[in-house]
Amino acid sequence: MFSRDLWSEIFHSIKSNKLRTFLTGFSVAWGIFILVLLLASVDGMKNGFTKQFNDDATNSIFIYPGSTTKPYGGFEAGRRIQFDNEDLDFIKQSFTGYLEYITPRFSKSVTANFGKETGTYSIRGVNPDHQIIERTVVEKGRYINENDIQNTLKVVVIGKVIADELFKDVDPVGQNIILNKLSYKVIGIFSDDGNEREERNMYTPVSTLQRLYGNTRNIDQIALTYNPEFNFAEAINFSDNIEVALKRRLIIDPEDQGALYFNNYAEQFSNVSNFTTMLSVISIGIGMLILIAGIVGIGNILVFIIKERTKEIGVRKALGAKPFDVIKLVLLESVFITSISGLIGMLFAMAVVALISPIIDAPAFSNPSVDNVTIITATIVLVVAGVLAGLIPAMKAASVKPIVALRAD
Amino acid sequence: MIEIKDLHKSYHMGSNSLHVLKGINFSVKEGELVAIMGSSGSGKSTLLNILGMLDNLDEGEYLLDGVTIKNLNETKAANYRNKFLGFIFQSFNLINYKSAWENVALPLYYQGVNRKLRKERAIKHLESVGLGPWVDHLPSELSGGQKQRVAIARALAAEPKVMLADEPTGALDSKTSHEVMDLIQKINDEGKTILVVTHEDDIAHMCKRIVHLKDGVIVEDKVVDQVRVTPYVQ
Ligand SMILES: Nc1ncnc2c1ncn2[C@@H]1O[C@H](COP(=O)(O)OP(=O)(O)OP(=O)(O)O)[C@@H](O)[C@H]1O
Ligand SMILES: [Mg+2]
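Heads up: the sequence lines are chains A and B, in that order. The first sequence: position 102 = 102 (UniProt numbering), numbered continuously. The second sequence: position 30 = 30 (UniProt numbering), numbered continuously.
Structure (C-alpha cells):
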C-alpha cells in the first residue's frame, strides 16, 4: 500500500501542482495553528487557576468554628463554638485510615524585635503535619518537629519576608527573636508558592503557644488532608462525615449552617476543573470548525483537480487501474497534504507557545503549553480530516469512465 | 480471438436515444490486422470501446479469447483490460508529468511488477520502437510521431493479446503516419492481433482486412492484399 511507487506518484502530482498544494495546505495549517493555540491558552488558564490553589494541598479540608444559628440540645442560638485539642484527637481517632495529615492552628498576633528592627506579624501554633498541608517550603534550617511539640520549645520558623525585614543581612537561623517580650530561637526560614502574605507568618509548636498564652487547650482551626486516592464524590462524602460527627460531639443542630465552616478544596478545585474542561471543549469545538473550513477547502480543490485530471484517470483505467488504485492515489495525496501542512501548523503554534510561555505568568494565565495529548489528538484529527477531505473527490475519481480517455478532445 | 454476435448499442440523452450499433456480427482470429472504416459518426469508436471493455454493450454477445465479457464489475474489467488489451489513441494520451519509460511502465505498475523490472521491460519496449535514446524524456520533449511510438510501446508493455488503435495516425503527418504503420505491421508480423480504426484509405490498405461500418451495421468485410510500408530513405 505504501510502496515507493505510490509515493512517487503522489510527489509527481504535488510537484506539478505546487501552488494549489500550498494553498490547500495553508488552510489546514492555519486550522491546526489556531486549534493548538487555543488549547495552549486553555492550558495556560488551567495552570493559572491551579497555581492559585497550589498554596495548599489540593486534598485539604480546613474547619473553622462559628456561632450556632439554631437552638439545640438545651443551648440557645448564638453560642460561639470553640475547638480544643480533644476535638482534634477525636477526629484523628474517628477517621484513622481516611486521614492523611492533620494539624491544629492556633494563631496570635505578635510584635517581633530583632536588634533595632521591629514589626508586627502573625504567629501560628501548629503540628509538623502543617508543613505538608500548607505546602510550606523550608528554605533554610528546619521545620517544627515532634520533639519541639513534646518539650514545648520556644522555637520559630519564620517567613522569608520577616527574615528580610527584621534580620537584613544577618542569617536568622540560630538567632533569638523577641516576640511579645519572650525570646524564641529561629530554627528555619520558609517560603510559600501561594503568596507573599503567607511569608509574613511564623510557625511555632502549638503546645508552646498554648502554654504561653494562658495555658489553654483551645485551638482556632483544624486543617487536614484526606487520602489522596479519594475521588471528588468520596472527598465530599468524607468531609460531610466529619461534619456530622463534629456536630454531634459539640451538640450542634445537624441542620445548623453557621456553627462550623468547612473549606473543602476538592469542591472549589472541581468547580475550576469543570470550568477549564468546558473551555477545552469550547476551544476544541472552535478549532474543529476552523478545521472543517480547511477540509472543505481541500475537498473543493481536490474535486477541481480530479476534473482536471479526468483524462489522465481515464487513461490509467484503460491501462488497468482498478477503482481502488485511483481512490488510494487521491486519498493518500489528501492525507499527505493535510498531515504535512497540519504538522507545520502545529510546529508553528508550538514555537509561538514556547516563545511566549516563559514571559506570561499572570495569576489567571500562566505558562501555556502544548501537551502530548493535544499533539496526538491533533495528529489523529489531521489524518481523519485528510481522509474526509479526499473521500468525495476520490469516489468521484474512481467513478470516472475510461471511455472519456478514448474520446478525442 | 474476438467474437461478436448481434451486438447492439444505444446512447440515451434525456428522452432521446441514439441507436449507434444495430446488430454487429464479426469475428477476428489471432494474428489478424483489421482496419475498421466508416464515415464520421458511424460507430467505429463505439465498437472499439466495447471491444476494449471501456463501454458496456446493450445486447448481443462478446467473447474475448474464449471469455464471455458481460456485466463485469469495474475491478474485473480493469484486470481484463490490463491482461488482454493494449490501447493506442489518436491523441496519444501519455501522462505529461511522467517520462517516456514511466509511461510505458504504467500497465506493469498496475500488474504489480516491481520497479526495477518495470524499468527494464519499459526500456526494452522503447528500444524496440526505436526510442532507446529517449527513455528519460517527458512527452512534451517528443515529436508527435515519437509520442505515438511511446504509446505503442506502452500498449505492448503488458504483452496483451489484442491491440486496439483508434485513429493512431489521425494526428500525424503522412511521413510519421507511415512510420507508425510500419511499426504496427511489424508488431503484427510477430503474431499480435491488432484492430485499427481509420478514416484513411491508404492506412486501411496497410492492414490485411478491411471492415466497413455504415449506420451501425457492417456493410463490407473484405480481405485485402497488404501494402507494406516502404521505408523512407533518409
Ligand atoms: N457517450 C456518448 N453519448 C452519446 N452519444 C454518443 C456517445 N459516444 C458516441 N455517441 C454518438 O454515437 C455516434 C457514433 O459515435 P462514434 O464515436 O462511435 O463514431 P465514429 O465512427 O468513431 O466517428 P469519428 O470518425 O468521428 O470518430 C455519434 O453520433 C456520436 O455522437
Ligand atoms: Mg471515432
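Backbone N, C-alpha and C fix where the C-beta goes; we use that ideal spot for every residue, glycine too.
Just to be sure I understand the criterion: a residue counts if its Cβ is closer than 6 Å to at least one heavy atom of ligand 1. Which residues meet that?
Output, sorted by chain position: Y11/B, M13/B, L18/B, V20/B, G38/B, S40/B, G41/B, S42/B, G43/B, K44/B, S45/B and T46/B.
Test: Q111/B CB closer than 8 Å to a CB of chain A
Counted from its first residue, the second sequence places residue 111/B at position 111. Answer yes: the Cβ-Cβ gap between Q111/B and chain A drops below 8 Å somewhere.
Near-chain A residues of the region 176-208 of chain B - C-beta to any C-beta below 8 Å
Of all residues in the region 176-208 of chain B, none has a Cβ within less than 8 Å of some Cβ in chain A.
From I298/A, N264/A and T120/A, residue whose alpha carbon lies closest to that of R20/A:
Residue mapping note: residue 20/A aligns to position 20 of the first sequence, counting from 1. The option with the nearest alpha carbon to R20/A is I298/A.
Which residues in chain B have a C-beta closer than 7 Å to the C-beta of D43/A? List them in chain order.
Position 43 of the first sequence, counting from 1, holds the residue named residue 43/A. Contact note: D43/A does not reach chain B at a C-beta cutoff of 7 Å; the least C-beta distance is about 45 Å.
State the CB to CB distance for the pair K160/A and S191/A, rounded to an integer number of angstroms; the pair is presumed to be in contact (CB under 8 Å).
Within the first sequence, numbered from 1, the residue matching residue 160/A stands at position 160. Within the first sequence, numbered from 1, the residue matching residue 191/A stands at position 191. Contact holds; Cβ gap of about 5 Å.
What separation, rounded to the nearest whole angstrom, lies between the Cα atoms of I144/A and Y101/A?
Walking along the first sequence from the start, residue 144/A turns up at place 144. Walking along the first sequence from the start, residue 101/A turns up at place 101. Rounded to the nearest whole angstrom, the CA to CA distance from I144/A to Y101/A is 15 Å.
For my contact list, V227/B and I218/B are in at a C-beta cut-off of 8 Å; report their separation, rounded to the angstrom.
Position 227 of the second sequence, counted from the start, is the residue given in the question as residue 227/B. Position 218 of the second sequence, counted from the start, is the residue given in the question as residue 218/B. Their Cβ separation, rounded to whole angstroms, is 22 Å, which puts V227/B and I218/B out of contact at 8 Å.
Would you give the residue range spanned by the alpha helix (DSSP H) that S177/B belongs to?
Residue 177/B sits at position 177 when you count from the first residue of the second sequence. Element bounds for S177/B: S174 to D189.
Taking the beta strand (DSSP E) that H12/B falls in, what are its first and last residues?
In the second sequence, residue 12/B corresponds to position 12, counting from 1. Taken as a continuous stretch (DSSP letters only), the beta strand (DSSP E) holding H12/B covers I2 to M13.
For the pair the region 213-230 of chain A and the region 155-174 of chain A, tell me if three or more CB-CB distances fall below 8 Å.
With the cut-off at 8 Å, the region 213-230 of chain A and the region 155-174 of chain A do not touch.
Among the residues of its own chain, which have a CB less than 6 Å from the CB of V233/B, if the five just before and after it don't count?
Numbered from its first residue, the second sequence carries residue 233/B at position 233. Its pLDDT being 46, under 50, V233/B is placed unreliably in this model, and the value from its coordinates should be taken loosely. Correct list: empty, nothing qualifies.
Could you pull out every residue in the same chain whose Cβ sits closer than 7 Å to the Cβ of G258/A, ignoring the five residues on either side in sequence?
As a first step, residue 258/A must be located in the first sequence, where it is residue number 258. In chain order, G66, S67, T68 and T69 place their CB closer than 7 Å to the CB of G258/A, counting only its own chain and leaving out the 5 sequence neighbours on each side.
Is L47/B close to chain A? Criterion is C-beta to C-beta, closer than 8 Å.
If you number the second sequence from 1, residue 47/B lands on position 47. Not one chain A Cβ lies under 8 Å of L47/B.
Figure out for me which residue from E179/B, L117/B, A165/B and V224/B has the closest Cα to the Cα of V52/B.
Reading the second sequence from its first residue, position 52 is the one you call residue 52/B. The amino acid at residue 52/B is misidentified as Val; the sequence shows Gly. The residue from E179/B, L117/B, A165/B and V224/B with its alpha-carbon nearest to that of G52/B is A165/B.
Work out the CA separation of F95/A and I59/A for me, nearest whole Å.
Within the first sequence, the letter at position 59 stands for residue 59/A. Within the first sequence, the letter at position 95 stands for residue 95/A. A small fix is needed here, since residue 59/A is Asn in this sequence, not Ile. So the two alpha carbons sit approximately 15 Å from each other.
Could you check what DSSP says for Q221/A in three-state terms: helix, strand or coil?
For the purposes of this step, residue 221/A is taken as residue 221 along the first sequence, with counting starting at 1. Q221/A falls in the strand class under three-state DSSP.
For chain A, find out if any of its Cβ atoms is closer than 8 Å to the Cβ of A153/B; answer yes or no.
What you label residue 153/B is simply residue 153 of the second sequence in a count that begins at 1. Using a CB distance cut-off of 8 Å, A153/B does not count as an interface residue toward chain A.
Delimiting residues of the beta strand (DSSP E) encompassing V162/B
By 1-based counting over the second sequence, the position of residue 162/B is 162. From DSSP, the beta strand (DSSP E) with V162/B extends over V162 to D166.
Can I313/A and A397/A be called in contact, C-beta distance under 8 Å?
Taking the first residue of the first sequence as position 1, residue 313/A is located at position 313. Taking the first residue of the first sequence as position 1, residue 397/A is located at position 397. Contact check for I313/A against A397/A passes: the beta carbons are separated by less than 8 Å.
What do you reckon, are the CB atoms on P168/B and G320/A nearer than 8 Å?
If you number the second sequence from 1, residue 168/B lands on position 168. If you number the first sequence from 1, residue 320/A lands on position 320. For the pair P168/B and G320/A, the CB atoms are not nearer than the 8 Å cut-off.
Can you name the residues of chain B whose CB is closer than 7 Å to the CB of R4/A?
Here the question's residue 4/A lines up with position 4 in the first sequence. Close partners of R4/A in chain B (Cβ separation under 7 Å): R115.
Which of the three DSSP states is assigned to N227/A in this structure?
As a first step, residue 227/A is located in the first sequence; it is residue number 227 there, counting from the start. If DSSP states are grouped into helix, strand and coil, N227/A belongs with coil.
CB-CB length for N103/B against V67/B, believed under 8 Å
In the second sequence, the residue the question calls residue 103/B occupies position 103. In the second sequence, the residue the question calls residue 67/B occupies position 67. Incorrect: roughly 28 Å between the Cβ atoms, too far for contact.
Do the CB positions of A385/A and T338/A come within less than 8 Å of each other?
Position 385 of the first sequence, counted from the start, is the residue given in the question as residue 385/A. Position 338 of the first sequence, counted from the start, is the residue given in the question as residue 338/A. Yes. Within cutoff.
Which class does N176/A belong to by DSSP, given the choice of helix, strand or coil?
Taking the first residue of the first sequence as position 1, residue 176/A is located at position 176. N176/A: strand per DSSP, three-state reduction.
Taking H205/B as part of the alpha helix (DSSP H), name the residues at either end of that continuous run.
For the purposes of this step, residue 205/B is taken as residue 205 along the second sequence, with counting starting at 1. First-last for H205/B: undefined, no H or E at that position.
The alpha helix (DSSP H) spanning H19/B covers which residue range?
Start at 1 with the first residue of the second sequence, and residue 19/B comes out as number 19. No alpha helix (DSSP H) holds H19/B; the beta strand (DSSP E) holding it covers N16 to V28.
In or out: Y11/B buried (at least 16 other Cβ within 10 Å) or exposed?
Locating residue 11/B in the second sequence gives position 11, where the first residue counts as 1. Classification for Y11/B: exposed.
I189/A and I158/A look like a contact to me (Cβ under 8 Å); what is the Cβ gap, rounded to whole Å?
Counting from one through the first sequence, the residue named residue 189/A turns up at place 189. Counting from one through the first sequence, the residue named residue 158/A turns up at place 158. The pair is a contact, with the Cβ atoms about 6 Å apart (cut-off 8 Å).
Counting only the same chain and skipping the five closest in sequence on each side, list residues whose C-beta sits under 8 Å from that of L182/A.
Start at 1 with the first residue of the first sequence, and residue 182/A comes out as number 182. Spatial neighbours of L182/A in its own chain (CB-CB distance under 8 Å, excluding positions within 5 residues in sequence) are listed in chain order as K154 and L212.
Please go through the region 17-53 of chain A and give each complete alpha helix (DSSP H) segment of 4 or more residues, from N-terminal end onward.
Within the region 17-53 of chain A, the complete alpha helix (DSSP H) runs of at least 4 residues are 18-53.
Please classify G390/A as buried or exposed, where buried requires at least 16 neighbouring CB atoms within 10 angstroms.
Against the first sequence, residue 390/A aligns to sequence position 390. Here G390/A is buried: its Cβ has 16 or more other Cβ atoms, across all protein chains shown, within 10 Å.
When the cut-off is 8 Å and only beta carbons count, does S27/A lie next to chain B?
As a position in the first sequence, residue 27/A is number 27, starting the count at 1. No - not a single Cβ of chain B is within 8 Å of the one on S27/A.
Should D166/B be counted as a contact of ligand 2 given a C-beta to heavy atom distance under 7 Å?
Start at 1 with the first residue of the second sequence, and residue 166/B comes out as number 166. Answer for D166/B: yes, Cβ within range of ligand 2.
Indicate the three-state DSSP secondary structure (helix, strand or coil) for G159/A in the structure shown.
For the purposes of this step, residue 159/A is taken as the residue at position 159 of the first sequence. Residue state, collapsed to three classes: strand.
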